[in-house]
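Undergrad: This is the structure, below, for whatever I ask next.
Numbering (the working numbering), first residue to last: 173 to 328.
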């Protein structure tokens, strides 16, 4: 996914990065719900590692911004592009892991929180498959919004 074009200012790039980070956190951050989990989450350490990698990339972006606030230097633009690609790669790896979690845990409720966090990243067919009524997690409260999204996509 191309996130930057070279004709953007450095400030615009940083704003886009910060927006992307917020979206990434909203979609992929593993949140604990008030409800008791029936399954221990063995994927949490890997998800935390992905989040830490993304945080380190954002620190590098901020360092570039401090050296070149206007983003006028070609090397700043090139480095921002490289960092953006790395951030996209981390997001893609997280999504790949979430799909594996869904595939491998249909007999427990673990996938529910991951589906909720990543629902906007799935295609219609992927979301439909993830929300299979035959799965153990299908009636989990975290899936109310993803089910509404699927219904809306079905109607569109």
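Note that beta-carbon positions come from the ideal geometry of N, C-alpha and C, so glycine has one too.
Expressed to the nearest angstrom, what Euclidean distance is found between the alpha-carbon atoms of residue 296 and residue 289?
TA: Working through the chain shown from its first residue, we reach residue 296 at position 124. Working through the chain shown from its first residue, we reach residue 289 at position 117. Taking the straight line joining both Cα atoms gives about 15 Å.
Undergrad: Could you tell me the distance, in whole angstroms, from the CA atom of residue 299 to the CA atom of residue 245?
TA: As a first step, residue 299 must be located in the chain shown, where it is residue number 127. As a first step, residue 245 must be located in the chain shown, where it is residue number 73. Taking the straight line joining both Cα atoms gives about 42 Å.
Undergrad: Leaving out five residues on either side along the sequence, give the residues of the same chain with a beta carbon under 8 Å from the beta carbon of residue 319.
TA: Position 147 of the chain shown holds residue 319. Excluding positions up to five away in sequence, the list reads 303.
Undergrad: Can you name the start and end residues of the alpha helix (DSSP H) that residue 289 belongs to?
TA: For the purposes of this step, residue 289 is taken as residue 117 along the chain shown, with counting starting at 1. Residues 283-290.
Undergrad: Starting from residue 224, follow the alpha helix (DSSP H) in both directions and report where the run begins and ends.
TA: What you label residue 224 is simply residue 52 of the chain shown in a count that begins at 1. First-last of the alpha helix (DSSP H) with residue 224: 216-239.
Undergrad: Report the three-state DSSP secondary structure of residue 296 (helix, strand or coil).
TA: One-based indexing of the chain shown puts residue 296 at position 124. If DSSP states are grouped into helix, strand and coil, residue 296 belongs with the helices.
Undergrad: Roughly how many angstroms lie between the CA atoms of residue 243 and residue 228, to the nearest whole one?
TA: One-based indexing of the chain shown puts residue 243 at position 71. One-based indexing of the chain shown puts residue 228 at position 56. Each residue's Cα considered, the two are about 20 Å apart.
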